[in-house]
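In the UniProt record's numbering, the protein residues as written are 1 to 269. The structure appears below as structure tokens.
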């Protein structure tokens, strides 16, 4: 459950009827304050402190900053010689400063770079529920000439069927999940976009590309290597076990399975 720019991790136990929470434990203070790390108050005292101490060991991966996996890159293959060059959409004057600041932030994060590509897709701003703006690129013209990736996306009902014997769960989201995957150098020019600060292109995989979900699912399969206790649905990852002892061991595996990845939302529940 990726919450805007936050990282989330939640751990918890299915309790018996009548169980009462014994303590309330806050996120370890050393973890990135923009991360969303929640410890279920229904854990008993020993479990809660064990989780707190455990998560304090992983402040480098429990962060709102995107990691950078070396496992896979995203490639774009097109079935046309068309040069996609779409005229920029007109932005409201009040929104232009937001766009400039967003471009500066993306440059600082290293997820975009200046470009000399003949391709250009337009920026589009989407209003979120809280009234703030989300920076997006309209890749519809590029997607229309992109060769589709037939990688299978898991069905939710197939994932749920694997949880019947489990009683302890942790949900984690990758921090800015798609941005953790590099664009192949030969594909970067396809994703150029015009900005008030000049033409830019993505060095990491952005949202909005037709094959981005397939690439991300392939990454999760490669990283998790069919580990039965780890399930992934897009950027949501679920660790499920029957015993607390196994859960702690497997949570360590989850947070170290790819040291280049970072998690922004972690909730043991």
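Cβ atoms here follow ideal geometry from the backbone N, Cα and C, with glycine treated the same way.
Buried/exposed call for residue i, threshold 16 Cβ in 10 Å
i: residue 196; result: exposed
i: residue 133; result: exposed
i: residue 89; result: exposed
i: residue 270; result: There is simply no residue 270 to check, as the chain begins at 1 and stops at 269 in what is shown.
i: residue 181; result: buried
i: residue 171; result: buried
i: residue 164; result: exposed
i: residue 152; result: exposed
i: residue 144; result: exposed
i: residue 148; result: exposed
i: residue 84; result: buried
CB-CB length for residue i against residue j, believed under 8 Å
i: residue 187; j: residue 76; result: 4 Å
i: residue 175; j: residue 142; result: In fact, because the Cβ distance is near 26 Å, the residues do not count as touching under 8 Å.
i: residue 205; j: residue 212; result: 6 Å
i: residue 52; j: residue 39; result: 6 Å
Residue span of the beta strand (DSSP E) that contains residue i, given as start and end
i: residue 114; result: 112 to 114
i: residue 95; result: From DSSP, residue 95 is part of no beta strand (DSSP E) but of the alpha helix (DSSP H) over 93 to 109.
i: residue 233; result: 230 to 233
Counterpart residues of residue i in DSSP-defined beta bridges
i: residue 126; result: 134
i: residue 193; result: 121 and 200
i: residue 240; result: 169
i: residue 73; result: 182
i: residue 78; result: 146
i: residue 221; result: Paired residue(s): none; residue 221 is not in a bridge.
i: residue 85; result: 120
Start and end residues, alpha helix (DSSP H) containing residue i
i: residue 49; result: 45 to 55
i: residue 209; result: Here residue 209 belongs to no alpha helix (DSSP H), and DSSP marks it neither H nor E.
Considering only residues of the stretch 132 to 179, which uninterrupted beta strand (DSSP E) runs meet the minimum length of 3 residues and lie entirely inside it, listed in chain order? 133 to 137 and 168 to 174
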